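> First residue of the sequence shown: 1, per UniProt numbering; consecutive thereafter.
Built from N, CA and C at the ideal position, the CB exists for glycine as well.
Here the structure is a predicted model, which means the values were calculated and not measured.
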Amino acid sequence: MVDLQGLANGLTKCFSDFYIQSNDTMKQFILKAEQGCVSFDDIMTIAPISKWNPTVNDIEMAVQEHCENTLLATQTGVQRIKPFIDQQTIEQDDWSILVEGLPKKYDTKDRIQDLFTQHVGPVAFLRFPPDRQGKEFFQGLCFIEFQDKQYVQQAIDMFDCFDLDTLSFQHNPASPIQHPLRVMSKHDWNAMKEAYLKLQEQEADFIKSLWNDHIRATNKRQTEEDKQHATPAKKTKREEILQEEAAAQPAYPEHVVVTVEHIHPKTSKTALKAILEQSGASVAFVKYKKGLVQTNVRMTTPEDTDKLVTYFQTHHLVQETAQDTKGSAKDAASFETLSVRAIQGQEEKIYWESESWHP
């Protein structure tokens, strides 16, 4: 009687991505077959199978009893549950995860593949997301496709350290490495990406609406001023000089407003003010609404603005919890650290107009 477990191991090997890519005969069987279903006659000619001299019934039983998650026996042959893609360039969603926060120790595809193969299961495909120029390289995150769907949840349970309730990293005793990772299914990543793009579109529409309101208000004010000064009285020389000097001065304090990004969405004004004043700069006013990861902050003087911006250019901090007033130093290439930028020009003007500023 044929050893069904041994035969199943041979079938699993023959239908694996690695074997198909390295064995031209098996690849041709897969590519020429309808829906990738290799006939029983062809299967019996492959070395890992032919050595068992199996019958069709033996192959069917081996698949049904030991390969139910990866292979499917039909009336004419055997096919993979996961489709085979020749010259694959992107992962298949049902079998894939996203991994974020990988340390430099795992900065190559081989090292990452070895880690997840050893602790979870066989990896079929691995991809680094490209940058804006389309170049793929290690940036602390990657997509991993497994041979078997069951490994997706196993990888999440073992490696994921990110708590969605607190939006912070927590200790996962199951993780085989000390560095905390964020791991999610490709389907969850797609849903998060779609929600982000929708929010981005809404924010863009909101900013556009504000700008249009500003233009309309400016045009209306200019029209009213033109009517009032249709026949202006002749000014004295002193009045003209004073008017020119007044026009040269800005109607609001300059260089005291900054935009802060990558804030913890559940933080408070007090916590945000404290983490910023670590720089030694004085914060005059924080206007913040919970749920946002970006806001404007008003500094006491222009010198405070320069000090704050310079500090966060060299101190890469992550506000890990809502009440975090210190921040944790992180690798800027792997984490979205606090970012501070002084606003200026038209952006600064719009800010003060929206604040109903009067000198």
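1) Could you tell me the alpha carbon to alpha carbon distance between Gln228 and Ser354, rounded to whole angstroms?
2) Note down, one range per segment and in chain order, each alpha helix (DSSP H) of at least 4 residues found wholly within the UniProt domain "XRRM" (251-359).
3) Sort Thr267, Lys287, Lys289 by Cα distance to Thr166 and report the nearest one.
4) Have a look at Thr70 and Lys326 and give me their C-alpha separation to the nearest angstrom.
5) Is it buried or exposed, Gly280, if we count other Cβ atoms within 10 angstroms and call 16 or more buried?
6) Find the nearest neighbour of Ala155 within the set Gln319, Ala73, Thr117, Tyr106, judged by alpha-carbon distance.
7) Can you tell me the Cα-Cα spacing of His66 and Met192, whole angstroms?
8) Under the rule that 16 or more other beta-carbon atoms within 10 Å means buried, what is Gln344, buried or exposed?
9) Which one of Ile97, Trp211, Ser39 has the shortest CA to CA distance from Asn190?
10) Have a look at His358 and Tyr252 and give me their C-alpha separation to the nearest angstrom.
11) How big is the Cα-Cα spacing for Ala124 and Phe15?
12) Could you spell out where the beta strand (DSSP E) holding Met184 opens and where it closes?
13) Would you kindly work out how many angstroms separate the C-alpha atoms of Glu277 and Gln313, rounded to a whole number?
14) Per the contact definition of three or more C-beta pairs closer than 8 Å, is the segment 79-90 in contact with the segment 50-66?
15) Taking the Cβ atom as the reference point for each residue, do Trp52 and Gly6 lie within a distance shorter than 8 Å?
16) Return the Cβ separation of Thr305 and His255 in integer angstroms, given the expectation that the two are a contact with Cβ distance under 8 Å.
17) Take Asp94 and list the residues in its own chain whose beta-carbon comes closer than 7 Å to its own, dropping the five residues that flank it on each side.
18) Taking the alpha-carbon of Glu91 as reference, which of Pro302, His187, Ala274 has the nearest alpha-carbon?
19) Under three-state DSSP, which class holds Gln79?
20) State buried or exposed for Asp316, treating a residue as buried only when at least 16 other CB atoms are found within 10 Å of its CB.
21) With DSSP collapsed to three states, give me the class of Phe15.
22) What span of residues does the alpha helix (DSSP H) with Ala47 cover, start to end?
23) Work out the CA separation of Leu199 and Asp213 for me, nearest whole Å.
24) Using C-beta distances below 6 Å, list every residue in its chain close to Asn172, excluding the 5 sequence neighbours before and after it, in chain order.
25) Do you know offhand how far Ala284's Cα is from Gln294's?
26) Based on Cα-Cα distance, which residue from Lys135, Cys142, Tyr311 lies nearest to Leu181?
27) Name the two residues that bound the continuous alpha helix (DSSP H) containing Leu102.
28) Please check the pair Ala271 and Ala322, which I expect to be a contact at CB under 8 Å, by giving their CB distance rounded to whole angstroms.
29) May I have the straight-line CA-CA distance separating Ser282 from Asp331, to the nearest angstrom?
30) How long is the line joining the alpha carbons of Gln21 and Tyr196, rounded to whole angstroms?
31) In whole angstroms, what is the alpha-carbon distance linking Val99 and Asn9?
32) Is the beta carbon of Ser339 less than 8 Å from the beta carbon of Glu261?
33) Is Ser39 helix, strand or coil by DSSP?
34) Since I believe Val258 is in contact with Val297 (beta carbons under 8 Å), could you give me their beta-carbon distance rounded to a whole number of angstroms?
35) Considering only their Cβ atoms, is the gap separating Val120 from Tyr151 smaller than 8 Å?
Concretely, from the data shown:
1) 25 Å
2) 269-276, 302-314, 345-354
3) That would be Thr267, whose Cα lies nearest to the Cα of Thr166.
4) 49 Å
5) Gly280 comes out exposed.
6) Thr117
7) Answer to the nearest angstrom: the Cα atoms are 36 Å apart.
8) Sixteen is the threshold: since fewer than 16 other Cβ atoms of the shown chains lie within 10 Å of the Cβ of Gln344, the residue is exposed.
9) For the options Ile97, Trp211, Ser39, the alpha carbon positioned closest to that of Asn190 is the one of Ile97.
10) Since pLDDT at His358 reaches only 48, below the 50 mark, its modelled position is unreliable, and the value read off the structure follows with that caveat. Whole-angstrom Cα-Cα distance: 7 Å.
11) 11 Å
12) 182-185
13) Answer to the nearest angstrom: the Cα atoms are 15 Å apart.
14) no
15) Yes. Within cutoff.
16) 5 Å
17) Lys149
18) His187
19) strand
20) In the sequence on display, residue 316 carries His and not Asp. By the neighbour-count criterion, in which 16 or more other beta carbons inside 10 Å mark a residue as buried, His316 falls on the buried side.
21) coil
22) Residues 47-50.
23) 21 Å
24) Cys161
25) 17 Å
26) Cys142
27) Where Leu102 is concerned, there is no enclosing alpha helix (DSSP H), given that its DSSP letter is neither H nor E.
28) 7 Å
29) Taking the straight line from one Cα to the other gives about 26 Å.
30) 37 Å
31) Looking at the two C-alpha atoms, the distance is approximately 29 Å.
32) yes
33) strand
34) 5 Å
35) yes
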